[in-house]
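What follows is one structure encoded as structure tokens, with my remarks underneath.
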Amino acid sequence: MVTNKIIEAIRQPWQLQLIRFTPYFVGALILVILPPLMPTYAQNTWTKFVIFALFASSYDLIYGHAGLLSLGHAAYFGAGGYTVAAMMLNYNINSFWIGLPLGIIVAAIVSAGFGFLALRVSGMYFLLVTFAFGELLYAVTWNWLFLSSPGMQGIAGLPRPDLGIPGFSWTTLNFYYFILIIFLLCFFLVYRIMNSPFGHALRGIREGEGRMQALGYNTWLYKYIAFVLTGAFAGVAGVLFVYYNRFISPVHVGVTTSFMPMIMVIIGGSGTLLGPVIGALVIVFAEYFSSLFTPERWPLILGAIFVAAIMYARGGISIHLSQLWKRLNYRYGSTKS
Amino acid sequence: MEALRVENLSKDFGGVHALSNVSFNVEIGERLGIIGPNGAGKTTLFNLINGQLPPTSGRVYFFGQDITHLATHSRAHLGQSRSFQLISLFLNLSVLDNTLIALHGTKRSRFQILRPTNAYADLVAKAQAILTSIALWEQKDELVKNLSYGEQRRLEIALTLASEPKLLLLDEPSCGLTSAEAVEISSMLNKFGRNITVLLVAHDMDLVFGVADRVMVLHYGKIIADGKPENIRIDPKVKEIYMGVEGNASNTATI
Chain A
1 MVTNKIIEAI RQPWQLQLIR FTPYFVGALI LVILPPLMPT YAQNTWTKFV
51 IFALFASSYD LIYGHAGLLS LGHAAYFGAG GYTVAAMMLN YNINSFWIGL
101 PLGIIVAAIV SAGFGFLALR VSGMYFLLVT FAFGELLYAV TWNWLFLSSP
151 GMQGIAGLPR PDLGIPGFSW TTLNFYYFIL IIFLLCFFLV YRIMNSPFGH
201 ALRGIREGEG RMQALGYNTW LYKYIAFVLT GAFAGVAGVL FVYYNRFISP
251 VHVGVTTSFM PMIMVIIGGS GTLLGPVIGA LVIVFAEYFS SLFTPERWPL
301 ILGAIFVAAI MYARGGISIH LSQLWKRLNY RYGSTKS
Chain B
1 MEALRVENLS KDFGGVHALS NVSFNVEIGE RLGIIGPNGA GKTTLFNLIN
51 GQLPPTSGRV YFFGQDITHL ATHSRAHLGQ SRSFQLISLF LNLSVLDNTL
101 IALHGTKRSR FQILRPTNAY ADLVAKAQAI LTSIALWEQK DELVKNLSYG
151 EQRRLEIALT LASEPKLLLL DEPSCGLTSA EAVEISSMLN KFGRNITVLL
201 VAHDMDLVFG VADRVMVLHY GKIIADGKPE NIRIDPKVKE IYMGVEGNAS
251 NTATI
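Chains as they are written, first to last, in this note's numbering: chain A, 1 to 337; chain B, 1 to 255.
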């Protein structure tokens, strides 16, 4: 077949493919091998890192690819989280197989509603509208008794999810692997979306929306679908976060939490697959180490990391790492030419 | 049969009449050059035909269909395609990705969300044909921002052809090019088949008179001349606009 030959022609040689995918293999290996060798408290931090890596990846879909700077991303995270938490609180339903799909659906519905209105404006106004919606949901979670344990704001004392496997009990480590599997599945999905015509179209919209329309793309619809998708992924992260944290409060819906994925993506590198993961790694572990020494100074340290990343690693850490990787390859790896 | 019919088209920006009561027809396969001084309304006319702006009044028909209020992307699906005066490629994407985006634009596959974009063998083959024809296949993995300006211009025009349009709107395709590069563009345009109707806006008179079968002159939003290139060349009104009042100007060059 002639056409298959063309596909072969644009495919990179296997050596280059190997080099390209090495960081992913190494990353996955680290995530699988390292945590069991660590104390329980550190394993918890790894779990938190993986959840936030997913949260940040979902944010990158809308910010890094479609180029929409949103400041209400915690709304979908919180919507997913509050869904499973409220089910446990009010109906005592703890099944993972009900909780996760329902959390995703609620998060997607919330983002579908917010996105429908927010995407009528662009740029700074889009940021402000998403921010306002986030705060709206924050107020709802603050005031609605359905979403609060008696006598407090938020839902506390939540158990780990019920997988419906007889005789199974949670440990810190198997919970970590459980989260990791879901993360890797989502990461793979995001990877596929990035490389699909849809993902390319999002980047095209980021680069030049007018041109995309002239080429036949309904850019509004693309942004809207991306917005709902990113909300659904954030919902997954929110559901996992509730299972991990066993407590959810309005803070997890508000602007403080919305900032987290934004900072992670900017530090790690937007529009790249590994950038949000690296950003989450830096932030979650910096928080972990600062909590060991000076927990009260964490915001100060976070601010310093952010400023340093913007001044010295513009474009994101992952961009600089990949440039370093290419340079090393060029210097030590190119023996064949 | 006519490919495009514009009826009494007007566009006001606040109190400024960018276009007033413009009407004309374009036959299928015709190459219509549109010239006029800066601010004559040429790009506004393109924006109305391609749907970037809604008209204040008037109608636009495309192959007999009223498209006055149709969205830009729907017009692309009907067979319109345009290039932009300022290069509007996707600078941070590779040459091949730019081409594939353009090729997917009018296909159903543009909504595919999980299949890799370069797994579409037929589209990749087309991309190869397009890029080979403009001598950019070797640079297919290069980011577009690293191409030279002339190469970007060639890609810009090639991408407008990717959707196999019936009507091509070219806004200043030779803008900012050297005269040698402009000749390249001109020969590219002359190679198009006669099933493509072309509207060409340009300041470069060599390009317009080298490509167009018919030339229309816009001035302050009105058509002041419309006819064969050789007639436009000697039209006194056009000469007056471009060279000042006859006999008064020291510049005696012909356009």
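Quick reminder that beta carbons are idealized off the backbone N, C-alpha and C, glycines included. These numbers come from a predicted model, not from an experiment.
- Under the 8 Å criterion on CB atoms, Gln139/B is classed as non-interfacial with respect to chain A.
- Rounded to whole angstroms, the separation of the alpha carbons of Leu61/A and Val190/A is 8 Å.
- Membership of Leu170/B in the beta strand (DSSP E) is indicated by the continuous run Leu167 to Asp171.
- Closest option to Asn245/A, judged by alpha-carbon separation, among Ile266/A, Thr22/A, Gly316/A and Val84/A: Val84/A.
- From the listed residues Tyr177/A, Lys48/A, Val228/A and Pro39/A, the smallest Cα separation to Phe116/A is found for Val228/A.
- Against chain B, a Cβ distance below 7 Å from Asn195/A picks out Pro116 and Thr117.
- Taking the C-beta atoms as reference points, Thr117/B is found nearer than 8 Å to His200/A.
- Assigned with DSSP and collapsed to three states, Tyr61/B falls in strand.
- As summarised for the region 141-214 of chain B, the continuous beta strand (DSSP E) elements at least 3 residues long and confined to that stretch are 167-171 and 197-201, given in chain order.
- As the crow flies, the alpha-carbon of Arg194/B is around 34 Å from that of Asn146/B.
- Listed along chain B is no residue with a C-beta nearer than 7 Å to that of Tyr24/A; the closest approach is about 16 Å.
- In chain order, Arg160 place their CB closer than 7 Å to the CB of Trp170/A, counting only its own chain and leaving out the 5 sequence neighbours on each side.
- For Val26/B, the enclosing beta strand (DSSP E) has its first and last residue at Val16 to Glu27.
- When DSSP states are grouped into helix, strand and coil, His73/A belongs to the coil group.
- Taking one beta carbon from each stretch, the region 273-282 of chain A and the region 43-53 of chain A have 3 or more pairs nearer than 8 Å; the two touch.
- Collapsing the DSSP output to three states places Glu30/B in coil.
- Taking 8 Å as the CB threshold, His69/B stays off the interface with chain A.
- If you check the CB distance, Arg154/B and Leu136/B come in under 8 Å.
- For Gln43/A, the enclosing alpha helix (DSSP H) starts and ends at Thr40 to Asp60.
- Between Asp162/A and Ile93/A, the alpha-carbon positions lie close to 9 Å from each other.
- Counting every other CB atom within 10 Å of its CB across the protein chains shown gives Phe293/A a total below 16, marking it as exposed.
- At the C-beta level, Leu143/B and Ile34/B stay beyond 8 Å of one another.
- Across the set Ile266/A, Val284/A and Ala42/A, the C-alpha of Ile266/A shows the shortest separation from the C-alpha of Ile317/A.
- Rounded to the nearest angstrom, the gap between the Cα atoms of Lys191/B and Ser133/B is 11 Å.
- For Ser186/B, none of the residues of chain A pass the 8 Å Cβ criterion, the least Cβ distance being about 23 Å.
- Three or more beta-carbon pairs drawn from the region 250-262 of chain A and the region 69-82 of chain A are found closer than 8 Å, and the two stretches are therefore classed as touching.
- The closest CA to that of Gln43/A, considering only Phe247/A, Leu147/A, Thr172/A and Val251/A, is found on Thr172/A.
- Boundaries of the alpha helix (DSSP H) around Gln17/A: Trp14 to Ile33.
- Between Val255/A and Phe133/A, the gap from beta carbon to beta carbon reaches 8 Å or more.
- The way I'd put it, the region 228-238 of chain B doesn't touch the region 44-62 of chain B; fewer than three beta-carbon pairs between them come closer than 8 Å.
- The shortest C-alpha to C-alpha distance from Ile155/A to any of Gly78/A, Ser95/A, Val110/A and Ile182/A is the one to Gly78/A.
- Per the DSSP secondary-structure output, Glu2/B pairs in a beta bridge with Glu27/B.
- Going by beta carbons, Gly80/A and Gly235/A fall inside the 8 Å limit.
- If you ignore the 5 residues before and after Pro55/B, its C-beta comes within less than 7 Å of the C-beta of Leu9, Ser10, Lys11, Leu48 and Thr68, all in its own chain and listed in chain order.
- Ser95/A sits in a strand when the DSSP states are folded into three classes.
- When DSSP states are grouped into helix, strand and coil, Phe13/B belongs to the strand group.
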